[in-house]
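All residue numbers for the sequence shown refer to the working numbering, where the first residue is 30 and numbers rise by one.
Ideal Cβ placement from N, Cα and C applies to all residues, glycine included.
Data first, discussion second: the structure below is written as structure tokens.
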Amino acid sequence: MAVIESSTDVVLGGVRGGPAVKTLRQDRWWLQPVVTVSILTAFVVYSTWSAFNPHNYYVGAMMHRDLISPFFSPCLASSCVAGSKIGFALSGWSLSPAFLILIFPLGFRLTCYYYRRSYYRAFWWSPPACAVSDGHAKYTGETRFPLLMQNAHRYFFYFGIVFNCLLTYDAIRAFHQPGIGFGVTLGTIVLTVNATLLWLYSLSCHACRHLCGGSLKTFSNHPVRHRLWKFITPLNENHMKFAWASLIFVALTDVFVRLVASGAITDLRLF
Ligand code: FES
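Below, the structure written as structure tokens:
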């Protein structure tokens, strides 16, 4: 049987580091990088502002509440407002208490495999999208400093788990309202949703999935790890969604606590 060979010449004209973005794509491929840049920039600007403004991050007994912003929890400095400390206080720390802790959640996000893909594309154009020419002449991967640091992701994952436990504790504690007792308010719901999304983000992490089921030759000899891996895998498929939802919601939680603490809004009691 004769084999008919045909070919279509496709000339992108794009080489790594071309002077301008080159592509044959006709769709709005640029939309995703634009959205990524917008959301990540807004988050970085807001979280930096919040960290530099250590006021109104805690709603305490005066308002019959126990709500702390996730950007300031655990509050470890001796300058932390009454009620927000967890029993341990670092004396002599004159900067914002947020700076003592933010490196861990930020390091976890920054080195996340999903976010790497997003911000390499959106900010560094390496490449901006599939089938769009790269904005840089050379590609050295993550083999040198500073990108070599991305390999620390699995260690940030462990810290992330510790922070999730602490934020879960904050959410549970919020259900006990000083001077009132047990109750559900908008604030308790906000803190609970925030902790839940952060758990979903962490549990769906690729490092977590590898921890559960990686480096095994057979699953049959490791039934517990196999079960964990099967539980984690569907979460892992949705990691991108959890990454964005938890990022946006953690900032909204900070906004909510600040608004209540400043008296701009009241924390509605449901029952
Ligand atoms: S891969 Fe995204 S948090 Fe680990």
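Per DSSP, what kind of secondary structure is residue i in: helix, strand or coil?
{"i": "H84", "result": "coil"}
{"i": "L276", "result": "helix"}
{"i": "L229", "result": "helix"}
{"i": "F152", "result": "coil"}
{"i": "C237", "result": "helix"}
{"i": "C159", "result": "coil"}
{"i": "G216", "result": "helix"}
Could you tell me whether any non-hydrogen atom of the ligand FES is closer than 7 Å to the CB of residue i?
{"i": "F101", "result": "no"}
{"i": "Y143", "result": "yes"}
{"i": "C234", "result": "yes"}
{"i": "H239", "result": "no"}
{"i": "A224", "result": "no"}
{"i": "F152", "result": "no"}
{"i": "F285", "result": "no"}
{"i": "A272", "result": "yes"}
{"i": "F188", "result": "no"}
{"i": "F192", "result": "no"}
{"i": "F128", "result": "no"}
If contacts are defined as beta-carbon pairs under 8 Å, then residue i and residue j qualify, I think. What distance do you get, rounded to the angstrom?
{"i": "R183", "j": "A236", "result": "4 Å"}
What separation, rounded to the nearest whole angstrom, lies between the Cα atoms of residue i and residue j?
{"i": "H239", "j": "A293", "result": "45 Å"}
{"i": "S318", "j": "Y86", "result": "This structure cannot speak to residue 318, because the chain is shown only from 30 to 300."}
{"i": "L215", "j": "L299", "result": "7 Å"}
{"i": "A118", "j": "L124", "result": "14 Å"}
{"i": "T217", "j": "N265", "result": "27 Å"}
{"i": "I130", "j": "P99", "result": "10 Å"}
{"i": "F133", "j": "M92", "result": "30 Å"}
{"i": "C234", "j": "G89", "result": "34 Å"}
Should residue i be listed as close to the ligand ATP, given that the test is whether its C-beta is under 7 Å from any heavy atom?
{"i": "H165", "result": "In the structure shown, the ligand ATP is absent; the only ligands present are the ligand FES."}
Going by C-alpha to C-alpha distance, which of the options sits closest to residue i?
{"i": "P62", "options": "M91, Y198 and W154", "result": "W154"}
{"i": "L106", "options": "A127, C241 and Y148", "result": "Per the sequence presented here, residue 106 reads as Ala, with Leu not at that position. A106 has its Cα closest to that of A127, out of A127, C241 and Y148."}
{"i": "D95", "options": "G136, T77, G212 and G242", "result": "G212"}
{"i": "L195", "options": "S291, S102 and L69", "result": "S102"}
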